[in-house]
Amino acid sequence: MKLMTAVVKFVQSMPRLFTWVGILSLTPPHPLFNLHLTLPLNSYIIYSIPLFSQCLLGTLLMTQERRKAIWAIYVWCRRTDELVDGPNASHITPMALDRWESRLEDLFQGRPYDMLDAALSDTVGKFPVDIQPFKDMIEGMRLDLKKSRYKNFDELYLYCYYVAGTVGLMSVPVMGIAPESQATTESVYNAALSLGIANQLTNILRDVGEDARRGRVYLPQDELAQAGLSDEDIFAGKVTDKWRNFMKNQIKRARMFFDEAEKGVTQLSSASRWPVWASLLLYRQILDEIEANDYDSFTKRAYVSKANKITALPLAYARSLIGPSKISSKVL
Ligand SMILES: CC(C)=CCC/C(C)=C/CC/C(C)=C/CC/C(C)=C/COP(=O)(O)OP(=O)(O)O
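Just so you know, the sequence shown maps onto residues 1469 to 1800 in the working numbering.
Below, the structure written as structure tokens:
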């Protein structure tokens, strides 16, 4: 009977699934597509951002209210990221970030500056979203302006929290915890944080060459030294046995964060589980692709093929059918 209900639910969601698959294989939609607002086109926000767009596309599988809220949050994150990574990045000063922060405070108090802020203002009025992770993300941008090396994993972890772990914390109040969940709220937030960290570590391991060309090394310096490697080796960009061993350990650690995140997905409300599983399974596969590229993140950009993306959807759906149980909550 349960299986029957699941099959019916899956078939009922087919139109949305096809939209999702269709969009995955075409171009990303406009970010405001789901905000239902007629606004000037800020299309730069979405067009260069596979991971974010992957997460956003995933939200097509959610309820409309939640979908709009997640879009509003991710659009704000993207705009924040664009301040230090976008075309105007060279003009961005800590003062500009201070102004962005006071604008954030205003929108949280119901005084949005523009229409995109208004979408987030609307979201924070509807869902119990806290301002702290948003402020922390701005802090991460401040850090990125002045720092290009990380002494050890603690320092790198803090950076990953600021720029990505925060996104997990912002998302949980919107995605919702299943009413039948017996897990502690803290454990679910921890899992969400782990997913952000895992995504960012994966991003870093995929983009070593690209970052090095911008003079940045987002790898723990002490671990590089222990592996017999230095910045010069990163800039030289040669895949050696030392590099392979170093990467094997980094990939192992990123996978541990994905494992932590997986424990929390089952505790999310049923409508949110599918998109989260889909983006988790897809992003995790980038690590497999780095291995398949013989750890060459200097000249190759690991990516997940369209075929794998499409196969991940039903897999993610199957996993999303498993919700909280007494056993899993005891594990947490
Ligand atoms: C697991 C539980 C309980 C909840 C889920 C909580 C969520 C949604 C976590 C996801 C957090 C997330 C999407 C972080 C994004 C961090 C990141 C690495 C952003 C960078 O994205 P892009 O720069 O677009 O990456 P690309 O380079 O791939 O385009």
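Quick reminder that beta carbons are idealized off the backbone N, C-alpha and C, glycines included.
Check, Outcome
"Local conformation of Ile1560 per DSSP, three classes", "coil"
"Rounded separation between Met1643 and Arg1712 - CA only", "38 angstroms"
"For Pro1792 and Arg1769, the rounded distance between their alpha carbons", "37 angstroms"
"First and last residue of the uninterrupted alpha helix (DSSP H) at Asp1679", "1676 to 1681"
"Rounded separation between Ala1729 and Ile1754 - CA only", "16 angstroms"
"Alpha-carbon to alpha-carbon, Glu1607 and Leu1783", "37 angstroms"
"Residue of Glu1757, His1559, Pro1743, Ile1790 minimising C-alpha distance to Ala1780", "Pro1743"
"Proximity test, Ser1788 beta-carbon vs ligand 1 heavy atom, cut-off 8 angstroms", "no"
"Between the CA atoms of Gly1578 and Asp1590 - distance to the nearest angstrom", "8 angstroms"
"Leu1687 vs Tyr1618 beta-carbon contact at 9 angstroms", "yes"
"Contact set for Ile1599: own chain, Cβ-Cβ below 6 angstroms, skip 5 residues either direction", "Phe1576"
"Contact test: Glu1600 Cβ vs ligand 1 heavy atom, cutoff 8 angstroms", "According to the sequence shown, residue 1600 is Gln rather than Glu. Gln1600: no, Cβ never under 8 angstroms from ligand 1."
"Val1772: CB within 8 angstroms of a non-hydrogen atom of ligand 1", "no"
"Three-state secondary structure (DSSP) of Ile1645", "strand"
"Beta carbon of Val1640 nearer than 9 angstroms to that of Met1605", "no"
"Cross-strand partners of Pro1688 (DSSP beta bridge)", "Tyr1618"
"Buried or exposed (CB count within 10 angstroms, at least 16 for buried), Arg1766", "Going by the sequence as given, residue 1766 is Phe instead of Arg. Answer is buried; the Cβ neighbour count reaches 16."
"Beta-carbon contacts of Val1635 that lie in its chain and below 7 angstroms, excluding the five residues immediately before and after", "Cys1545, Gly1664"
"Contact belief for Gly1705 with Gly1677 at Cβ below 8 angstroms, rounded distance in angstroms", "6 angstroms"
"Delimiting residues of the alpha helix (DSSP H) encompassing Arg1729", "Strictly speaking, residue 1729 in this sequence is Ala, with Arg absent from that position. Ala1729 -> alpha helix (DSSP H) spans 1709 to 1733."
"N- and C-terminal bounds of the alpha helix (DSSP H) containing Ala1540", "1532 to 1553"
"Check whether Asp1699 and Val1685 have beta carbons under 9 angstroms apart", "yes"
"Spatial distance of Gln1694 from Ile1702 (CA atoms)", "14 angstroms"
"Inter-residue spacing [alpha-carbon to alpha-carbon] between Leu1500 and Asp1690", "For Leu1500, the predicted structure reports a pLDDT of 36, less than 50, and the residue's modelled location is therefore unreliable. The matter cannot be settled from this model."
"Leu1789 versus Ser1740: straight-line alpha-carbon distance, rounded", "11 angstroms"
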